[in-house]
Ligand code: CS2
């Protein structure tokens, strides 16, 4: 007999004793935060910190209203509504221990495509003090090569001509800020929670570019009134699987969409807010004046490390990040990439020992219970790699540093995009907004060995650098002449004799 309890506000007290749940009065909590993009990461990170904040400080000001912009968000909208916006965060420790914690900080959810006006009103409401975003690296709508806002996007064009019925995050933010200004209300803070260097500055630049085109006065007001704190966000959050849902059910909780994550979590935020902020520092967040070194460290070591394993591992036939780390070749290759290519172009990070940080990363990646699929890591590589990896290559080229390992990742990405199968001939599940363009460029490799890296919207003018062009051509040429990627990786590591000497 199934005795699992269906997750809802009224059933919280019946949950198994080991499950933690919100004991604060959720009915009293107002939505001080409106969050756009309620994916797994938001639910394991900002919503988790905020749940702890509500539980420990008794604050009623800082609940979260989730927003989904697109039709594709209907499933999360329906699930959360059915469950009174509650969900289980399943924290998986490396030793096999599992902690199930019901999160209560999301108190409402709105699907913007059903009612754009209601969403604009919500964001313009006096209670809303922060609009936070996890819209993915690609969501900022900039051309990676120029760094400028991409006005050719048809949804952006739509929003410029239909400011009251927006589709994009830029349309919503400007419509809501305009309404606040008209009502004499203070601006909200716009807080990015995506893996982009200077994510706040980037958001500011994009929002202002859009606003300027729409209403120059409003753009001026936004420039002076809205704060865009930069932040480094971190918690590995794999895609929830059916098995995760079933295991939770066996543990006594029926939850249609729990979130799974690792125990580690970090949030470093610049302390600049337009209209107040939660005391997240009381629940583990760190406020600093300048987040730059923390962000760069995380993006160039953790995220880049993921991409290194993701692309090389996919080609080789690994399925998960922990599977890669269990393979000594991949673990050694990753550590060498971090030490020899990524670290030399990083600035020192206050209070952080980089060697220990890298040790911890390898341990986190190796967590055998967090089965982080390589398909998730390789998702939208075209918007991730310029920030995660290509910047390291460019900086090393400028300083005469090493670029071989990162170049191999780009060569692997080319082969992966061209063939769509791994080196054992098994199909790869490639999801990328630029999938067709990537494939077409990669397919030109036989005629022009640099065809893939000549895509300037991703690589800038990297192909014109002779050191890079020579290294990449050799590596991609080897791959196309059926060289095994594992062998190429092995060749980049010191031999036993060199290690001993
Ligand atoms: C991953 C990130 O998307 C990716 O490629 O590297 O989602 C990563 O797991 C998170 O940034 C961890 O904080």
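Residue numbers (the working numbering): 18 to 518.
Beta carbons: idealized from backbone N, C-alpha and C, even for Gly.
Residue j beta carbon less than 7 Å from that of residue i
| i | j | result |
| --- | --- | --- |
| residue 146 | residue 49 | yes |
| residue 194 | residue 239 | yes |
| residue 10 | residue 496 | The structure shown has nothing for residue 10, since the chain only spans 18 to 518. |
| residue 185 | residue 167 | no |
| residue 249 | residue 311 | yes |
| residue 255 | residue 387 | yes |
| residue 342 | residue 399 | no |
| residue 331 | residue 378 | no |
| residue 16 | residue 352 | Because the chain here runs from 18 to 518, residue 16 falls outside it and cannot be looked at. |
| residue 468 | residue 458 | yes |
| residue 38 | residue 96 | no |
| residue 366 | residue 314 | yes |
| residue 291 | residue 221 | no |
| residue 77 | residue 46 | yes |
| residue 180 | residue 199 | no |
| residue 348 | residue 318 | no |
| residue 257 | residue 277 | yes |
For residue j and residue i, believed in contact at Cβ under 8 Å, the rounded distance
| i | j | result |
| --- | --- | --- |
| residue 211 | residue 163 | With 8 Å as the limit, residue 211 and residue 163 do not qualify as a contact, their Cβ atoms being about 19 Å apart. |
| residue 304 | residue 316 | Contact doesn't hold; Cβ gap of about 20 Å is too wide. |
| residue 271 | residue 22 | 7 Å |
| residue 62 | residue 297 | Contact flag wrong, Cβ pair sits at about 11 Å. |
| residue 122 | residue 177 | Not a contact, Cβ separation roughly 34 Å. |
| residue 208 | residue 246 | 6 Å |
| residue 333 | residue 502 | 5 Å |
| residue 236 | residue 196 | Rounded, the Cβ-Cβ distance is 15 Å, inconsistent with contact. |
| residue 320 | residue 405 | 4 Å |
| residue 437 | residue 425 | About 19 Å; that fails the 8 Å criterion. |
| residue 224 | residue 202 | So it is not a contact: roughly 18 Å between Cβ atoms. |
Proximity to residue i [Cα-Cα], best of the options
| i | options | result |
| --- | --- | --- |
| residue 484 | 411, 506, 123 | 411 |
| residue 54 | 83, 42, 28, 26 | 83 |
| residue 129 | 108, 99, 112, 94 | 94 |
| residue 509 | 488, 498, 499, 181 | 488 |
| residue 338 | 294, 367, 481, 393 | 393 |
| residue 282 | 288, 356, 142, 300 | 300 |
| residue 268 | 332, 142, 35, 111 | 35 |
| residue 302 | 364, 37, 68, 43 | 68 |
| residue 111 | 383, 511, 441, 90 | 383 |
| residue 150 | 219, 165, 105, 346 | 219 |
| residue 33 | 265, 395, 202 | 265 |
| residue 396 | 64, 328, 253 | 328 |
| residue 322 | 401, 155, 189 | 401 |
| residue 144 | 227, 206, 224, 90 | 206 |
| residue 413 | 252, 260, 257, 354 | 354 |
| residue 133 | 188, 324, 174, 73 | 188 |
| residue 477 | 513, 403, 431 | 403 |
| residue 464 | 450, 374, 493, 473 | 493 |
| residue 87 | 228, 182, 73 | 182 |
| residue 350 | 59, 512, 20, 131 | 512 |
Whole-angstrom distance between residue j and residue i, CA atom to CA atom
| i | j | result |
| --- | --- | --- |
| residue 127 | residue 101 | 13 Å |
| residue 107 | residue 275 | 7 Å |
| residue 161 | residue 507 | 32 Å |
| residue 79 | residue 117 | 23 Å |
| residue 113 | residue 385 | 8 Å |
| residue 204 | residue 361 | 41 Å |
| residue 43 | residue 27 | 12 Å |
| residue 41 | residue 135 | 27 Å |
| residue 434 | residue 452 | 7 Å |
| residue 98 | residue 363 | 44 Å |
| residue 456 | residue 471 | 13 Å |
| residue 230 | residue 81 | 30 Å |
| residue 490 | residue 409 | 18 Å |
| residue 103 | residue 65 | 12 Å |
| residue 30 | residue 124 | 18 Å |
| residue 442 | residue 499 | 12 Å |
| residue 288 | residue 295 | 11 Å |
| residue 505 | residue 516 | 18 Å |
| residue 325 | residue 417 | 21 Å |
| residue 226 | residue 340 | 43 Å |
| residue 450 | residue 155 | 9 Å |
| residue 165 | residue 241 | 21 Å |
| residue 440 | residue 376 | 30 Å |
| residue 75 | residue 137 | 28 Å |
| residue 89 | residue 57 | 14 Å |
* Asked: Quick check: the region 364-373 against the region 409-425, are there 3 or more CB pairs under 8 Å?
  -> In short, these stretches do not touch, since the Cβ pair count stays below three.
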